[in-house]
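Just so we're aligned, residue 177 is where the sequence shown starts under the numbering used here, counting upward by one.
Written below as structure tokens is the structure these notes are about.
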Amino acid sequence: MPGSRHFSQRIAEGDGIAIIARVEDADAARQAEAHGAKALAVGRVIDGIREASSLPLLWLGHGTPHDADACTVRPGDHPHHGVEAVAFVRDAEELEEVLEDLDPELFLLCAEDDDDADPVDAVLELLPDVPAGKLAIALVPVASRDEVTALERAGMDAVLVPGGHVAQLVGHAPVDV
């Protein structure tokens, strides 16, 4: 049932930064949960994902979120009823606009497509503009636990990563499912 898994609550609970795994199928969802992901992200409808995992689901796709607990919204969008809104922003102007229009609790911070800029640095420049008490999720390429730890030290609450990389980024032994 959408909304029952409380996406923001799951991101905020526990110690350390949360890993959100972007998955492409139900097997990847099962594996991400077993390796310690706190939530899943999808860009399309995946048959059997709710049966494969008990983790909350973030909808990254277009249109109405399918069976999701949260969905991304862009500046100017209207949030979908019954799911948490996650503001997807790429720069300070979009962040300010979404704060004025929606005042969401969750932000997905993504660097603009600028080949010259380091995406991690660009996202970290946005972080101080996220109001205290709101949750910030980084959408940046990370390849190691050290990079995840650096994001955590900077104040990020979560990082969205490809599903197959969860075990090496979580920082603790996988759990038995």
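Even glycine gets a Cβ: it sits at the ideal position worked out from N, Cα and C.
Here the structure is a predicted model, which is why all the values come from computation and not from measurement.
Residue ranges of each beta strand (DSSP E) within the stretch 183–218, 3 or longer: 194–198, 215–218
Within 10 angstroms of the Cβ of Asp223, are there 16 or more other Cβ atoms? Answer buried if so, exposed if not. In the sequence shown, residue 223 corresponds to position 47, counting from 1. Exposed: under 16 other Cβ atoms inside 10 Å.
In whole angstroms, give me the CA-to-CA distance for Ala210 and Pro232. Locating residue 210 in the sequence shown gives position 34, where the first residue counts as 1. Locating residue 232 in the sequence shown gives position 56, where the first residue counts as 1. Our two residues, Ala210 and Pro232, have alpha carbons roughly 14 Å apart in a direct line.
Is there a Cβ from chain C that is less than 7 Å from the Cβ of Gly339? The structure shown contains no chain C, having only a single protein chain.
C-alpha distance - Glu260 paired with His182, whole-angstrom precision: For this step, residue 260 is matched to residue 84 along the sequence shown. For this step, residue 182 is matched to residue 6 along the sequence shown. The straight-line gap from Cα to Cα measures roughly 8 Å.
According to DSSP, is Val346 part of a helix, a strand, or is it coil? The sequence position of residue 346 within the sequence shown is 170, counting from 1. Here DSSP, grouped into helix, strand and coil, assigns Val346 to helix.
Gly192 to Lys310, Cα distance in whole Å? One-based indexing of the sequence shown puts residue 192 at position 16. One-based indexing of the sequence shown puts residue 310 at position 134. If you draw a straight line from the Cα of Gly192 to the Cα of Lys310, it is about 16 Å long.
So what does DSSP say about Ala319, is it helix, strand or coil? If you number the sequence shown from 1, residue 319 lands on position 143. Three-state result, Ala319: coil.
Note down, in chain order, each residue of its chain lying with its Cβ closer than 6 Å to the Cβ of Leu282, except the 5 sequence neighbours on either side. Here residue 282 is taken as the residue at index 106 of the sequence shown, counted from 1. Here the set comprises Ser184, Val262, Leu311.
Here's the rule I'm using: 16 or more other beta-carbon atoms within 10 Å means buried, otherwise exposed. How should Pro280 be labelled? In the sequence shown, residue 280 corresponds to position 104, counting from 1. Counting Cβ neighbours within 10 Å, Pro280 comes out buried, since at least 16 surround it.
Less than 6 Å between C-beta atoms, sequence neighbours within five positions excluded: which residues of the same chain meet that for Glu273? Sequence index remark: in the sequence shown, residue 273 carries index 97 (1-based). Pro251.
Check whether the Cβ atoms of Pro241 and Val249 sit closer than 7 Å, and answer yes or no. Residue 241 sits at position 65 when you count from the first residue of the sequence shown. Residue 249 sits at position 73 when you count from the first residue of the sequence shown. Not a contact, by the Cβ cut-off of 7 Å.
Have a look at Val342, Leu345, Glu189, Val265 and flag the residue whose alpha-carbon is nearest the alpha-carbon of Ala287. If you number the sequence shown from 1, residue 287 lands on position 111. Ranking Val342, Leu345, Glu189, Val265 by Cα distance to Ala287 puts Val265 first.
Pull up the distance between the alpha-carbon of Asp352 and that of Val342, whole angstroms please. Stepping through the sequence shown from its first residue, residue 352 is reached at position 176. Stepping through the sequence shown from its first residue, residue 342 is reached at position 166. Its pLDDT being 45, under 50, Asp352 is placed unreliably by the model, and the measurement read from it follows with that caveat. The alpha-carbon atoms of Asp352 and Val342 are separated by roughly 15 Å.
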